[in-house]
Each structure stands twice: as structure tokens, then as C-alpha cells.
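Using full-length UniProt numbering, the first residue of the sequence shown is number 1, and each one after it goes up by one. This report concerns only the one structure given below.
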Amino acid sequence: MAVRAVRGATQLEEDTREHMLDRVAELVTDVMRANGLEVDDFISIIFTATSDLTSEFPAYAARQLGFSDVPLVCARELEIEGSMPRVVRLMAHVETDLPRSDITHAYLHGAANLRRDLAKTTSHD
């Protein structure tokens with residue numbers, strides 16, 4: 001097994017608690033499904049959110065999915081002029097047999113526009 005990093009992001013339509021939990025849960029489960037991961041494969045997850053998202057901690061959605069023993073942290077995304085609003089990003093550290101080149105990153109909804117350069121991504125519009 002190797003330690004790999006998996007990236008992803010999603011954009012919210014609005015800053016409500018339920019929408020935050022739904023979108024982050026979708027992001028985490030998409031990362032899991034695309035890479036054949038289980039909760040026990042995760043070492044840690046770092047979530048960031050843009051400053052216009054204040055309704056809930058993104059990590060709470062992962063806790064609801066069973067990530068009770070996985071270290072999770074939330075942080076504020078840098079405020080760069082012209083950056084995309086209402087975005088939650090994640091970087092998960094996982095144990096997997098996949099080579100780095102086979103890791104699939106997940107960019108969902110409007111956040112798919114953040115990484116058009118990646119060959120191996122999943123996206124939902």
C-alpha cells in the first residue's frame with residue numbers, strides 16, 4: 001500500500017446547512033467510488049471553504065458518512081480577487097494500491113471548471 005493524495009472540489013448554489021451537507025457528502029462519496037476507497041483507507045482529510053460559506057463545517061458531512069476515527073480539519077480558502085464563489089475543496093490522504101497516475105480527482109458542479117487540465121477527474125453539472 002502507498003499513501004496518495006486525492007483532490008476534489010464542489011460548488012454550492014447557496015449557503016444553507018442542508019445544501020452544504022449534501023454537496024460535501026456527494027464529493028466525499030464520489031472520491032471514494034472513483035478510487036475504490038473505504039472509510040478505513042483514509043488517513044486524513046483537509047477541507048477548505050470560501051469565505052462566503054458559513055452555514056456548516058464541511059467536515060461534519062464526512063462525520064455523518066462514518067468518518068468518526070479519521071482526522072478531519074476545516075480551513076478558510078484564500079480570498080483571491082475573481083475566484084469562484086461558494087466552493088468547498090478537499091485533499092484526502094489515503095492508503096491505496098493505485099499508482100499516482102490512476103488516482104481520480106473529483107470536481108463537481110461549477111467546480112469542474114477549476115481543473116479542466118486533469119485527465120482523470122469526475123464531474124457533475
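Idealized CB from N, CA, C, for every residue including glycine.
For the beta strand (DSSP E) that contains E95, what are its first and last residues?
V87 to T96
Locate the beta strand (DSSP E) running through R7, then write down its first and last residues.
For R7, the enclosing beta strand (DSSP E) stretches over residues A2 to Q11.
May I have the straight-line CA-CA distance separating I43 from G82, to the nearest angstrom?
33 Å
Would you kindly check if the distance between the Cβ of V39 and the Cβ of residue 163 is under 8 Å?
Since the first residue shown for the chain is 1 and the last is 125, residue 163 is missing from the structure and cannot be characterised.
How is the alpha helix (DSSP H) around T29 delimited, first residue to last?
R17 to N35
For D15 versus R86, is the C-beta spacing smaller than 8 Å?
yes
Determine the burial state of A2: buried for a count of at least 16 other Cβ atoms within 10 Å of its Cβ, exposed for fewer.
exposed
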